[in-house]
Amino acid sequence: MKYIPTIGIECHVQLSTKTKLFSEVDNDARGKEPNSCVSPVDYALPGMLPRLNGEAIKFAVRAGRAMNCEINRSSRFDRKHYFYPDSPKGYQITQFYHPIIGAGYVLLPSGTQIRIEHAHLEGDAGKLTHFDSYSLVDLNRVDTPLIEIVSQPDIHSAKDAHDYCKELWRLMRYAGVTYGDLYNGNMRFDVNVSLAPEGSEKLGTRAEVKNLNSFRSVERAVEYEIKRQTKILEAGEKVVQETRGWSDATGETTGQRSKEEAKDYRYMPEPDIPPINLSAEFIEEQLKDFPLMPADYREKFGEIIAGDTLEVLLDYPELMQKLDEVKNVKLMSNLFASVLLAEEKSAEYLNDLPSAEDLNTLAEMNAAKELSSTATKEVFLRLFDPQMKGRGARNIAKELGLIQENDLGALEAIVDAVLAKPETAKAQDDFRNGEEKVIGFLVGQVMKESKGKANPSAVQQILREKLTK
Amino acid sequence: MRIASKEVSAVSLVKEALRKAHEFEDYHVFISMNEEAALAQAAEIDAKIARGEKVGRLAGVPFALKDNYLSPDGETTAGAHMLQGLTSPITATVVEKLKAEGAIAIGRTNMDAFAHGSSTENSYFGPTLNSADRERVAGGSSGGSAVAVALGIVEFATGSDTGGSIRQPASFNGIYGLKPTYGATSRYGVVAMASSTDCMGFFTKTPEDMDLLMSITAGQDPKDLTTLPDYYNSSEVKKVKRVGIIKDFDNEVVDADIRKALKEKCELLESKGYEIVKIEMPTLKYALAVYYIIQPAEVASNLSRYDGVRYGFRSKDSKDLDGLYENTRDEGFMPENKRRIMIGNFVLSSGFYDAYFLKAAKARTLIIKEYEKAFSECDFILTPVSPNPAFRLGEKVDDPVAMYLEDLMSVSLNLAGVPGLAIPAGKNAAGLPIGLQLVGPRRSDKSLIEFSKELAK
Chain X
4 MKYIPTIGIE CHVQLSTKTK LFSEVDNDAR GKEPNSCVSP VDYALPGMLP
54 RLNGEAIKFA VRAGRAMNCE INRSSRFDRK HYFYPDSPKG YQITQFYHPI
104 IGAGYVLLPS GTQIRIEHAH LEGDAGKLTH FDSYSLVDLN RVDTPLIEIV
154 SQPDIHSAKD AHDYCKELWR LMRYAGVTYG DLYNGNMRFD VNVSLAPEGS
204 EKLGTRAEVK NLNSFRSVER AVEYEIKRQT KILEAGEKVV QETRGWSDAT
254 GETTGQRSKE EAKDYRYMPE PDIPPINLSA EFIEEQLKDF PLMPADYREK
304 FGEIIAGDTL EVLLDYPELM QKLDEVKNVK LMSNLFASVL LAEEKSAEYL
354 NDLPSAEDLN TLAEMNAAKE LSSTATKEVF LRLFDPQMKG RGARNIAKEL
404 GLIQENDLGA LEAIVDAVLA KPETAKAQDD FRNGEEKVIG FLVGQVMKES
454 KGKANPSAVQ QILREKLTK
Chain G
-12 MRIASKEVSA VSLVKEALRK AHEFEDYHVF ISMNEEAALA QAAEIDAKIA
38 RGEKVGRLAG VPFALKDNYL SPDGETTAGA HMLQGLTSPI TATVVEKLKA
88 EGAIAIGRTN MDAFAHGSST ENSYFGPTLN SADRERVAGG SSGGSAVAVA
138 LGIVEFATGS DTGGSIRQPA SFNGIYGLKP TYGATSRYGV VAMASSTDCM
188 GFFTKTPEDM DLLMSITAGQ DPKDLTTLPD YYNSSEVKKV KRVGIIKDFD
238 NEVVDADIRK ALKEKCELLE SKGYEIVKIE MPTLKYALAV YYIIQPAEVA
288 SNLSRYDGVR YGFRSKDSKD LDGLYENTRD EGFMPENKRR IMIGNFVLSS
338 GFYDAYFLKA AKARTLIIKE YEKAFSECDF ILTPVSPNPA FRLGEKVDDP
388 VAMYLEDLMS VSLNLAGVPG LAIPAGKNAA GLPIGLQLVG PRRSDKSLIE
438 FSKELAK
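Chains as they are written, first to last, in my numbering: chain X, 4 to 472; chain G, -12 to 444.
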């Protein structure tokens, strides 16, 4: 029997707001001492009440728009109770009943549409580090704002699971709501996988693999689960509904806790935070100047940029935005993909891109054949170099002596000089006798004479004219 | 104020308050005293006055803090073993506003642990005695604060009212006690009981003092999202014509002397030209049931932070994390705390939420609407605070339902968010104080206090 996998994904996105979701403490704890970004509200001193970070609400509106979601005009918070030292209040403040982001969808590069069930705001938990006989608690991460994005079970392959997660990562960065640093847990994925016989309308029993932090591990975990569950079903046994953990090292998932012992979170409306009511004007204000999303770029540049190149470039919202500003998209997209991203310092360069004007000048010089393709690449890279930046493409090209000689009169003189040289006589004869390929040698000689500044295709044309006369 | 005019010094006022506190020590009013700091603050105020500097509206006035108000002076225990050893780094907004006007906290008053109770007998530190009869309870949960004012130790005291915790002890001790409109005063820095019904208010001997305290402490607090913009200081005193009497609260369930007091006050009002109207509020009979679902649910939630990990009491010698939680919460909470945690978690548990919590939340909306309707028929409502005057110590300790019935007439106000002012209404034959409460629509606190003067004469 053939089994069809069905996959639903929950994705937690840490928002890059200045302060935490419910207190005025610095939200960016990168490189800071444990428990140094913690206020009495965060460590749950008695009598402390949550405040609400307006920036997080704004970010949620943008994140929702990025996923083509309904923004709910009225939403509110709830308490989700559990005892663990990573949760100082004994509950997490989340949105269980009335989330801020409603239904929407995400388009994968393949064109497949994955529906979003909803997305909600909540506070993150603290971090525990376990040792042999004790554990250390770091509350820096407590109540960092999160958006949890819940998909519909619309995904049916490991590849689509991978692509969906990656597309979410792109969308959240395009919307400007997260640093998107996967290594540091800015985005984490919980993946539900179930298998059902082909043609069956009922979904199978699902297993949930929690806390995946890379697209690759999402893909591998789904692949593993499909294999594992297929084996179970083929043996005539039943899949247990449970939470499983993933190990990158072993490439396997292992059971953690089954649904029977699942916790009862005793959800309750959060009485300390009044409902959030958003006006149409507020939402509009947040969405003015909303940037183009990957799907918009695919539509806009699909004909101009090769599919593979486009998908590579789409990982870099800043490059796509720049491409949208420049005139020669085809040339620039190639330079971005094959030159800039291949460069060792590309990460640093991405922080401060050259102006569209500089890039346009470069493209114009290339089109006018003032720069060879090699010279174009060289000048292009210098435009990113902090030392050279701002001088402009033309000045840089001049300084480096890279401008090609396109003046036909001047080129003719060089060609004549080369043809007058005795060492080229034999090649000239050979060409006249039909040996086409020696033209390359002659072009080379002219280039050498011009110190590389001659435009080789122009040189070839002049040579042909002179030798066939 | 007498102090600013140099009639008396702040230091002598504070010394007098401290002297009385010691004199009445066996009433067990205070959990902890703040003597040195209080005297130092008083000396500072006297020095300011001597230099001719401006001082606040409460300069040098000694007061008592219910022990669930956080401030860095001394420990805040909320009457609970669980919080012993907790010194707060922050100050509650209400306390900050009082201190900014020069008021001086001389000590922290006794209360039922985490404000769970109606007699102060649930305090980890033992009960407070009634100011009129030492065999009887002070009422609760703010028993210590009520007795501190009734005995004249301090001019005023802070309280918190979640389901009657200010009004009932005020009536048991013959003084004024205000539960303001929900959100009128900030909850920031007060150990939370039930967040959606907790109100911060005061005990005083006069309506004038109550008005002054409210004008100082009312207003929006960015640290408490449920506070209202200051309406108190901009509200006009409304012209009262009709006062409502609730039929269901005037029957044999209520003590005869209290009914008599209610009748006398109605006659007084009529003699002054006010109209007394009988109103029906049939939904109020469900208020106690609704309250004992919503309040324990919020209590269970708010008490989940006490796990022995970060502050307060921690049980020793636990083998693992679950053991630490279990032992700490077992030893740190009083039986009444545990009872409410269990009820609360039950009504919130999956499968029961719709039948209990959600249904109670809907009934709460009906109660709110019923109050709105009532206030279309009358300006204020006059009712007893509790069915009986102060009961004997130990009388109801083993009967939680009898204890909960104490809240019968007070909890609906908390569910509806409307203000209620307990006013003294004489004494019964045994000399026990009798209290009545004036109830008004939301934001009518100022008019309510003003109108209570009509009932005093």
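Backbone N, C-alpha and C define an ideal beta-carbon position, used for all residues, glycine too.
- Under a 10 Å Cβ-count criterion, Y100(X) is classified as exposed, with fewer than 16 other Cβ atoms of the shown protein chains found around its own Cβ.
- In the DSSP assignment, G67(X) falls within the alpha helix (DSSP H) that extends over G57 to A69.
- Under the DSSP assignment, E211(X) falls in the beta strand (DSSP E) whose first and last residues are R209 to L215.
- With a threshold of 9 Å between beta carbons, A342(G) makes no contact with chain X.
- If you keep only unbroken beta strand (DSSP E) runs of at least 3 residues inside the segment 352 to 438 of chain G, you get 367 to 371, 407 to 414 and 420 to 426.
- With fewer than 16 other Cβ atoms inside 10 Å of its own Cβ, V224(G) counts as exposed.
- For the segment 42 to 70 of chain X, residues whose beta-carbon sits nearer than 9 Å to a beta-carbon of chain G comprise P43, V44, Y46, A47, L48, P49, G50, M51, L52, P53, R54 and L55.
- Taking a cut-off of 8 Å on C-beta distances, the segment 367 to 375 of chain G touches the segment 423 to 434 of chain G, as three or more cross pairs fall below it.
- Under the three-state reduction of DSSP output, I330(G) falls in the helix class.
- Chain G places no beta carbon closer than 9 Å to that of P200(X), leaving this residue out of the contacts.
- In the DSSP assignment, R82(X) falls within the beta strand (DSSP E) that extends over D81 to H84.
- Residue environment for I307(X): exposed (fewer than 16 other C-beta atoms within 10 angstroms of its C-beta).
- Taking C-beta separations shorter than 7 Å and ignoring five residues to either side along the sequence, the partners of F236(G) in its chain run T370, P371 and M396, following chain order.
- Here the alpha carbon of G427(G) sits roughly 42 Å from the alpha carbon of I150(X).
- N160(G) sits buried, since 16 or more C-beta atoms from the chains shown fall within 10 Å of its C-beta.
- Check the Cα spacing between P277(X) and each of Y186(X), R54(X), L403(X) and K169(X): the tightest is with R54(X).
- A distance below 8 Å between beta-carbons, with the five flanking residues on each side excluded, links H15(G) to the following residues of its chain, in chain order: N97, F112, G113, P114, T115, L116 and G131.
- When C-alpha distances from R176(X) are compared across L374(X), L322(X), G93(X) and G455(X), the shortest belongs to L322(X).
- In this structure, DSSP gives S197(X) an extended state, which the three-state scheme calls strand.
- For R173(X), the enclosing alpha helix (DSSP H) has its first and last residue at A161 to Y177.
- Its chain contains L139 as the residues whose beta carbon lies nearer than 6 Å to that of T132(X), once the 5 sequence neighbours on both sides are disregarded; these appear in chain order.
- One finds S291, D294 and Y312 in chain G with Cβ atoms closer than 8 Å to the Cβ of F86(X), taken in chain order.
- Around the Cβ of V243(X), a 10 Å sphere holds fewer than 16 other Cβ atoms; the residue is exposed.
- A direct Cα-to-Cα measurement between T193(G) and L212(G) gives close to 31 Å.
- Boundaries of the alpha helix (DSSP H) harbouring K86(G): T80 to A87, taken from the DSSP string.
- For P8(X), there are no C-beta contacts with chain G under 8 Å, since the nearest C-beta of that chain is about 29 Å from it.
- Comparing alpha carbon positions, the residue from N220(G), S222(G), A205(G) and G407(G) closest to T214(G) is A205(G).
- For N332(G), the chain X residues whose C-beta falls within less than 9 Å of its own C-beta are H84, D267 and R269, listed in chain order.
- Of all C-beta pairs linking the segment 435 to 443 of chain X to the segment -4 to 3 of chain G, fewer than three are shorter than 8 Å, placing the two stretches out of contact.
- Distance from L353(G) to F344(G) at the Cβ level is roughly 15 Å; contact not present, criterion being Cβ atoms closer than 8 Å.
- Taking every protein chain shown into account, the CB of Q116(X) has fewer than 16 other CB atoms within 10 angstroms, so this residue is exposed.
- The segment 87 to 100 of chain X makes no contact with the segment 297 to 317 of chain X: fewer than 3 CB pairs, one atom from each, lie closer than 8 Å.
- DSSP, reduced to helix, strand and coil, places T246(X) within a strand of the structure shown.
- Taking C-beta atoms as the reference points, E255(X) and W249(X) count as a pair closer than 9 Å.
- In this structure, D267(X) and S291(G) do not form a Cβ contact; the two beta carbons are roughly 13 Å apart against a cut-off of 8 Å.
- In the DSSP assignment, T191(G) is bridged to Y163(G).
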